[in-house]
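Residue numbers (our numbering): 1442 to 1751.
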């Protein structure tokens, strides 16, 4: 895999908005200040201040061009998404993957940014970091656990080793067994939305990570069924389930999200764990995508065996 360099104080992070615009302009300034407080220089993209139709941070062409420009700019050492929301799949066909492969940089974000993680890994061979977006700020809006996990992954050329939950959050084994492979995936809604497109997540022999927020169990059922029909769970080596914030039933009582995974995914008998603290919860551990990891589901352990940076 292509890898960006390990960041050090004084390096420059480019912030872009490849999906939705900021909810408040103040959050853009806060994101910049917080990253600067961590010791980095910051360049804000024009999309951080734009809005198109009220739910997109500029046209697809502008958002794609800015992401291309950030990778092409030799003065930018890493690229970070301002926020998720909606819209990143619109720019996948507009990115210059050959240029990005020739200018590898650490790319960071989560939620709607899942589509970009997938495309950059599969089209440019780029290892990326599933972790917090820049807004809300990394100091003012993120807890110590999340911030320390992110900084370690960004700055250390050594493997992260075991991803350990914060105290009080237990990882649960849903299907026993062991598996090795690259970590792929991200937000379930985006992974499902990419199915059947040229950017469908390539899960064969991989450890598939999934998380989501504000989705009722019946909607999670629908998306998992789509992936099952696409062969995703038959092909993957193992399954890592993150946080499922506000995913309890609201309109239809009965099944929980955990029940849905037990009914749809567990029968494939792939090693599977539940409640790794990564995703839309209070805790969001940084997970390197596209690098080798070892899943010991029986022992409720995930060990990252390769750094995401060089």
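Think of the CB as a built atom: it goes at the ideal place given N, C-alpha and C, for glycine as much as any other residue.
*Compute the beta-carbon to beta-carbon distance between residue 1724 and residue 1567, rounded to the nearest angstrom, for a pair I have assumed lies under 8 Å.*
In the chain shown, the residue the question calls residue 1724 occupies position 283. In the chain shown, the residue the question calls residue 1567 occupies position 126. Going by Cβ atoms, the distance from residue 1724 to residue 1567 rounds to 26 Å, so no, they are not a contact pair.
_According to DSSP, residues forming a beta bridge with residue 1493_ = As a working mapping, residue 1493 is identified with position 52 in the chain shown. Bridge partners of residue 1493: 1497.
_Measuring only from the beta carbon, is residue 1709 closer than 7 Å to any heavy atom that is part of the ligand HEM?_
The ligand HEM is absent from the structure shown, which contains no ligands of any kind.
*Assuming residue 1569 and residue 1674 form a contact by the criterion Cβ under 8 Å, report the distance between their Cβ atoms to the nearest whole angstrom.*
To locate residue 1569, count along the chain shown from 1; it is residue 128. To locate residue 1674, count along the chain shown from 1; it is residue 233. Actually they are not in contact, since the Cβ atoms of residue 1569 and residue 1674 sit about 23 Å apart, beyond 8 Å.
*asked:* Less than 8 Å between the C-beta atoms of residue 1479 and residue 1547, yes or no?
replied: Translated into the one-based positions of the chain shown, residue 1479 becomes position 38. Translated into the one-based positions of the chain shown, residue 1547 becomes position 106. With contacts defined as CB atoms closer than 8 Å, residue 1479 and residue 1547 fail to qualify as a contacting pair.
*Thinking just about the alpha-carbon of each residue, which of 1539, 1553, 1571 and 1585 is nearest to the one in residue 1564?*
The count along the chain shown starts at 1 and reaches residue 1564 at position 123. It is 1539.
_If we require 3 or more residues per run, which beta strand (DSSP E) segments fall completely within the stretch 1650–1730?_
Fully enclosed beta strand (DSSP E) runs of 3 or longer: 1679–1686, 1713–1715 and 1728–1730.
*Hey, is residue 1446's beta-carbon within less than 8 Å of any beta-carbon in chain D?*
In the structure shown, chain D cannot be found, because there is only a single protein chain.
*Which of helix, strand or coil DSSP assigns to residue 1466*: What you label residue 1466 is simply residue 25 of the chain shown in a count that begins at 1. The answer is helix: DSSP assigns residue 1466 an H, G or I state.
_DSSP has residue 1737 in a bridge; who is on the other side?_
Counting from one through the chain shown, the residue named residue 1737 turns up at place 296. As DSSP reads the structure, residue 1737 sits in a beta bridge with 1619 and 1742.
_DSSP state of residue 1638 mapped onto helix, strand, coil_ = Counted from its first residue, the chain shown places residue 1638 at position 197. Of the three classes helix, strand and coil, the one that applies to residue 1638 here is coil, per DSSP.
*asked:* As a quick exercise: from 1476, 1519, 1656 and 1446, pick the residue whose alpha carbon is nearest that of residue 1692.
replied: On the chain shown, position 251 is the one that residue 1692 refers to. Residue 1656 is the option with its Cα nearest to residue 1692.
*Quick one: what does DSSP say residue 1555 is sitting in, helix, strand or coil?*
Here residue 1555 refers to the residue found at position 114 of the chain shown. Helix at residue 1555.
*asked:* For residue 1750 and residue 1593, I'd like the C-alpha separation in whole angstroms.
replied: The sequence position of residue 1750 within the chain shown is 309, counting from 1. The sequence position of residue 1593 within the chain shown is 152, counting from 1. Cα to Cα, the separation comes out at about 11 Å.
*If residue 1668 sits next to residue 1632, beta carbons under 8 Å apart, how far is it from one beta carbon to the other, in whole angstroms?*
On the chain shown, residue 1668 is found 227 positions in, with the first residue counted as 1. On the chain shown, residue 1632 is found 191 positions in, with the first residue counted as 1. About 7 Å separates the CB atoms of residue 1668 and residue 1632; that is less than 8 Å, so the two are in contact.
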